[in-house]
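Engineer: Just passing along the structure, written as structure tokens.
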Amino acid sequence: MKQIWDIVIVGGGLAGYVAANYLTNTNLSILILEKGKSPGGRARTNNMNGQYFNLGPHALYKKGKARYILEDLGIHLNGKTPNLGGTLIENNIEYAAPFSPLGIFTTRLLHSKERMEWIAVLWKVMSIDPEKLAKQTFQQWVNQITQSKTIESLLFTLGRLATYCHAPERMSAKVMALHLKNAMGGVLYLDGGWQTIVDQLHNKAIVSGVHVQPHTLVKHIERDRQQDPFKFVLSSGEEILGKYVICTSGPHELIHMLGKKASLPIRDFFAQITPIKGATLDVALSQLPNPKKLFAMGITEPLYYSVHSTYACLSDHTKNAILHVFKYHHPEEIIDGPRVKNKLEQFLDGLQPDWQQHVISRRFIPDITVNQRLPQIGDELKLQRSKTEIPGLYIAGDWASPHWILADGAVSSGKQAAEEIILNEERKNSANYDGRVPAI
Ligand SMILES: Cc1cc2nc3c(=O)[nH]c(=O)nc-3n(C[C@H](O)[C@H](O)[C@H](O)COP(=O)(O)OP(=O)(O)OC[C@H]3O[C@@H](n4cnc5c(N)ncnc54)[C@H](O)[C@@H]3O)c2cc1C
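All residue numbers for the sequence shown refer to full-length UniProt numbering, where the first residue is 1 and numbers rise by one.
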């Protein structure tokens with residue numbers, strides 16, 4: 001007899017591991033299938049000759065869902081909060097970033113009337129009820145808040161920092177407001193990188209009896225009849241059976257795995273989901289030519305720079321500096337890799353002259369998915385539940401949470417999928433159970 005797993009989780013990133021860890025409280029058998037050679041997905045950290053490179057700049061929101069849920073699971077999050085200071089750059093001129101009280105009162109970017117308006121705008125962002133913005137794009141909300149072009153571009157810059165999204169005309173104002181509030185609560189740069197989260201989640205899962213199978217690509221998810229288990233067809237040709245599936249791949253991969261035969265009424269919505277993307281230049285230097293320049297963003301140019309190792313331990317050699325330069329892509333942009341690389345290097349030239357002479361390691365990724373879904377107006381109505389119209393199939397991942405994106409979306413949706421399955425099992429096992437698959 002072939003083993004039938006109670007729960008098969010497709011994907012060993014944050015969402016998959018969080019779901020698995022919440023499910024270990026049950027006596028259900030759990031298998032994680034991960035196509036990569038090691039766990040972690042986009043939260044993995046590469047050790048490049050003793051330099052710890054997250055996959056692009058990674059900051060954990062201190063007031064975000066992910067932090068609370070991970071701590072609830074007993075995950076230790078060691079790291080430091082970067083200062084709010086830094087520089088904003090427009091037409092090659094540097095200005096103090098008005099993201100801290102000192103920055104607001106010293107920056108030459110704002111004249112005195114705008115300074116007061118900016119304070120009022122920040123206060124408005126902090127105190128707004130995001131529900132009131134459910135029918136607006138970020139662009140429309142900003143147009144209501146201010147007439148000033150400078151303040152508009154400051155809000156877009158802050159929005160990019162909080163969500164990585166560079167499409168205010170498409171981004172839901174409600175989701176943006178939630179994440180702006182989150183970002184204003186500060187972030188943590190983690191010692192050892194985000195791999196430390198992944199490793200702890202992985203070890204806890206293994207100790208609790210979860211099976212993890214890396215190097216395993218799920219090609220198809222099939223089921224002939226509702227009462228049958230799901231059949232997972234792997235790229236090796238092997239087949240695995242499971243009663244429940246939590247799919248943490250992106251929405252497009254999910255549609256592909258299900259094939260045309262599966263009836264998924266929400267397929268059209270999944271098919272039109274657009275990701276948030278960017279380009280990253282991750283660099284390890286033996287020293288920083290200009291140790292005072294630790295954080296900068298472009299105002300009109302959608303660029304980011306931060307020296308993460310100033311706050312987090314990211315190298316075996318304490319003097320080395322690990323920094324990330326990032327470009328936020330617009331969803332309709334056609335990416336010219338060499339041009340983007342040039343742009344990022346030039347941005348770094350301006351901040352750390354002669355940095356090329358101190359390079360230990362570097363990595364450039366021209367087009368990487370930061371979040372699987374760019375949140376648009378009304379998306380949340382279709383993502384209220386992890387369960388789908390296919391009984392037994394649940395979704396999780398940074399695209400699958402109604403209100404949260406990035407790690408907060410991945411982690412909270414992983415927890416939600418686990419809780420919905422636990423509830424489903426409890427109902428099934430209750431004395432009154434009549435044999436039908438209960439709907440949550
Ligand atoms: C450059 C960059 C910067 C970021 N910065 C931040 C930040 O500052 N703050 C923040 O909160 N978040 C940040 N993020 C986002 C964060 O890393 C992700 O949201 C989070 O890691 C996503 O977790 P996940 O489990 O949803 O997806 P993933 O990590 O993508 O995990 C899904 C897993 O499923 C596997 N998989 C997919 N299809 C299959 C299949 N068919 N068979 C088997 N396995 C499969 C994949 O290999 C992957 O490991 C950043 C991301 C990037 C790329």
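In this text, a Cβ means the ideal position worked out from N, Cα and C, and glycines have one as well.
This structure is a prediction, so every number in the text was calculated from the model and none was measured.
Is Trp118 buried or exposed, if buried means 16 or more other CB atoms sit within 10 Å of its CB?
Structural biologist: buried
Engineer: To which residues does DSSP link Arg363 through a beta bridge?
Structural biologist: Asp282
Engineer: Please indicate yes or no: does the CB of Lys35 lie closer than 7 Å to some heavy atom of ligand 1?
Structural biologist: yes
Engineer: Give the range of the beta strand (DSSP E) segment to which Asn46 is assigned.
Structural biologist: From DSSP, the beta strand (DSSP E) with Asn46 extends over Thr45 to Met48.
Engineer: Is it a yes or a no for the segment 67-83 touching the segment 192-201, going by three-plus beta-carbon pairs under 8 Å?
Structural biologist: yes
Engineer: Between the segment 337-345 and the segment 219-230, can you find at least three pairs of beta-carbon atoms closer than 8 Å?
Structural biologist: In the pairwise beta carbon analysis, the segment 219-230 is classified as not touching the segment 337-345: fewer than three pairs are separated by under 8 Å.
Engineer: Of all the beta strand (DSSP E) runs that stay within the bounds of the segment 301-355, which reach a length of 3 or more residues?
Structural biologist: Within the segment 301-355, the complete beta strand (DSSP E) segments at least 3 residues long are 303-307 and 321-328, listed from N- to C-terminus.
Engineer: Is it the case that the Cβ atoms of Gln287 and Lys261 are separated by a distance below 8 Å?
Structural biologist: No.
Engineer: How long is the line joining the alpha carbons of Ala439 and Ala410, rounded to whole angstroms?
Structural biologist: In this prediction, Ala439 has a pLDDT of 45, which is less than 50 and means its spatial position is unreliable; what the coordinates show is noted afterwards. Cα to Cα, the separation comes out at about 23 Å.
Engineer: Roughly how many angstroms separate the alpha carbons of Ser361 and Tyr17, rounded to a whole number?
Structural biologist: 30 Å
Engineer: Considering only residues of the same chain and omitting the five flanking positions on each side of Val233, which have a CB-CB separation below 7 Å?
Structural biologist: Lys219, His220, Glu222 and Glu239
Engineer: Would DSSP call Asn424 helix, strand or coil?
Structural biologist: helix
Engineer: List, from N- to C-terminal side, the alpha helix (DSSP H) runs of 4 residues or more that fit wholly inside the segment 80-118.
Structural biologist: 101-106
Engineer: Comparing the CB of Asp379 with every heavy atom of ligand 1, is any distance shorter than 7 Å?
Structural biologist: no
Engineer: Roughly how many whole angstroms lie between the Cα atoms of Val370 and Ser29?
Structural biologist: 31 Å
Engineer: Considering only C-alpha positions, which residue in the set Asp282, Trp404, Leu294 and Ala418 is nearest to Val359?
Structural biologist: Asp282
Engineer: Taking C-beta to C-beta, are Ser236 and Pro82 nearer than 8 Å?
Structural biologist: Inclusion of Ser236 and Pro82 in the CB contact set at 8 Å is not warranted, their separation being larger than that value.
Engineer: For ligand 1, I want to know if Val233 counts as a neighbour, meaning its beta carbon is within less than 7 Å of at least one of the ligand's heavy atoms.
Structural biologist: Every heavy atom of ligand 1 is 7 Å or more from the Cβ of Val233, so no.
Engineer: Comparing alpha-carbon positions, which option in Ser430, Trp5 and Val10 lies nearest Leu217?
Structural biologist: Of Ser430, Trp5 and Val10, the residue nearest in Cα terms is Val10.
Engineer: Is Leu155 near Ala59, with beta carbons less than 8 Å apart?
Structural biologist: no
Engineer: With hydrogens ignored, establish whether the beta-carbon of Arg42 is closer than 7 Å to any heavy atom of ligand 1.
Structural biologist: yes
Engineer: Look up Gly186 in the DSSP assignment and say whether it is helix, strand or coil.
Structural biologist: coil
Engineer: At a cut-off of 7 Å, is Leu281 close to ligand 1 when judged by its beta-carbon and the heavy atoms of the ligand?
Structural biologist: no
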